[in-house]
Amino acid sequence: ILNVEQSPQSLHVQEGDSTNFTCSFPSSNFYALHWYRWETAKSPEALFVMTLNGDEKKKGRISATLNTKEGYSYLYIKGSQPEDSATYLCASLNTGNQFYFGTGTSLTVIP
Amino acid sequence: DAGITQSPRHKVTETGTPVTLRCHQTENHRYMYWYRQDPGHGLRLIHYSYGVKDTDKGEVSDGYSVSRSKTEDFLLTLESATSSQTSVYFCAISPTRLGQGTQHFGDGTRLSIL
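Protein sequence lines, in the order shown, are assigned to chains A and P.
If you count by the working numbering, then the first sequence holds residues 13 to 123, one letter each, in order.
If you count by the working numbering, then the second sequence holds residues 3 to 116, one letter each, in order.
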């Protein structure tokens with residue numbers, strides 16, 4: 013099993029605060045790292061797919077970085093808004109075609 | 003939104019009965035996936051398909067079978083449902099192979115097995 017771990021499990025931030033959370037994955041045989049945003053009562057929505065060490069992706073106020081050598085990715089949200097409240101999932105693919113999701117970080121932005 | 007329709011959206015059935023969930027896509031994507039989502043486990047891949055009649059097992063395939071006779075339809079079957087298969091099931095599609103590109107998810111099917 014490919015252990016993909018996310019931390020923290022949940023967090024609450026005030027509107028306007030910037031925040032970040034972590035996805036850890038095995039660095040050996042790494043192929044790709046995904047980030048998804050999942051709002052309650054909806055389906056997961058793709059944010060980023062990252063493959064290269066040092067890669068950075070940005071979508072509006074959300075950005076992500078990737079360190080494949082040490083096996084982690086950070087997701088950053090700048091100036092959090094209530095509509096950012098969701099669970100953020102990461103998933104890792106290795107060269108053995110194993111694809112596993114983490115259990116997610118639940119973000120609540122307090123107005 | 004990607005054209006993915008899951009049916010039924012909700013189902014309650016009894017232990018031992020067969021259950022089939024359907025995923026229908028209008029995007030003509032080659033790859034289709036079935037996941038289950040349970041508290042504390044996140045999304046776990048059950049089976050996936052990389053073309054008509056081409057399928058492979060995921061992390062939690064025991065007790066499930068799949069079929070894909072047309073590009074647009076991917077069926078998940080529980081031959082004899084058990085209470086441990088109570089879950090929310092998500093279908094996903096992608097134009098590229100497993101994990102290499104973003105996946106687009108359906109709205110989910112909530113399955114309760116009593």
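Here a beta-carbon is modelled for each residue, glycine too, at the ideal position from N, C-alpha and C.
Item: Given that S44 (chain A) touches chain P, what residues does it touch there, using C-beta distances under 8 Å?; Value: Per the sequence shown, the amino acid found at residue 44 (chain A) is Ala instead of Ser. G101, Q102, listed in chain order.
Item: Under the three-state reduction of DSSP, which class applies to C21 (chain A): helix, strand or coil?; Value: In the sequence as presented, Cys is not what sits at residue 21 (chain A); that position holds Gln. Looking at Q21 (chain A) - three-state DSSP - the assignment turns out to be coil, as it is neither helix nor strand.
Item: Taking 6 Å as the limit between beta carbons, can you name the residues of its chain near S114 (chain P), skipping five residues before and five after?; Value: V14, T88
Item: Is there at least one Cβ from chain A nearer than 7 Å to D56 (chain P)'s Cβ?; Value: no
Item: If you draw a straight line from the C-alpha of A58 (chain A) to the C-alpha of I95 (chain P), how long is it?; Value: 12 Å
Item: Quick one, which of A:E17, A:S97, A:T115, A:S104 has its alpha-carbon nearest A53 (chain A)'s?; Value: A:S97
Item: Mind checking if S75 (chain P) is an interface residue toward chain A, Cβ cutoff 7 Å exclusive?; Value: Checking the displayed sequence, the identity of residue 75 (chain P) turns out to be Asp instead of Ser. It does not: the Cβ of D75 (chain P) has no partner Cβ on chain A nearer than 7 Å.
Item: By DSSP, does D96 (chain A) sit in helix, in strand, or in coil?; Value: helix
Item: According to the Cβ coordinates, are G44 (chain P) and G114 (chain A) closer than 7 Å?; Value: yes
Item: Compare the Cα-Cα distances from S82 (chain P) to each of P:H12, P:G103, P:T17, P:Q8 and report the closest residue.; Value: P:T17
Item: What residue range does the beta strand (DSSP E) around G44 (chain P) cover?; Value: 44-53
Item: What number of angstroms, rounded off, separates the C-alpha of N32 (chain A) from the C-alpha of S71 (chain P)?; Value: 43 Å
Item: Measuring only the C-alpha atoms, how far is G65 (chain P) from H26 (chain P)?; Value: 22 Å
Item: Mind listing the chain P neighbours of G28 (chain A)? Cutoff is C-beta to C-beta under 9 Å, in chain order.; Value: Ordered by position in chain P, no residue passes the 9 Å Cβ test against G28 (chain A), which lies about 29 Å from the chain.
Item: Under the three-state reduction of DSSP, which class applies to S39 (chain A): helix, strand or coil?; Value: coil
Item: In terms of alpha-carbon separation, which member of A:S55, A:C102, A:Y88 lies closest to H106 (chain P)?; Value: A:S55
Item: Who are the neighbours of Y100 (chain A) on chain P, taking C-beta pairs under 7 Å?; Value: Within 7 Å Cβ-Cβ: nothing; Y100 (chain A) doesn't reach chain P, min ~11 Å.
Item: Taking C-alpha atoms, which residue in A:S30, A:N15, A:L64, A:V25 lies nearest to G91 (chain A)?; Value: A:S30
Item: Could you spell out where the beta strand (DSSP E) holding N109 (chain A) opens and where it closes?; Value: It is not in any beta strand (DSSP E) - N109 (chain A) carries neither H nor E in the DSSP assignment.
Item: Counting only Cβ pairs nearer than 8 Å, list the residues of chain P close to G114 (chain A).; Value: G44
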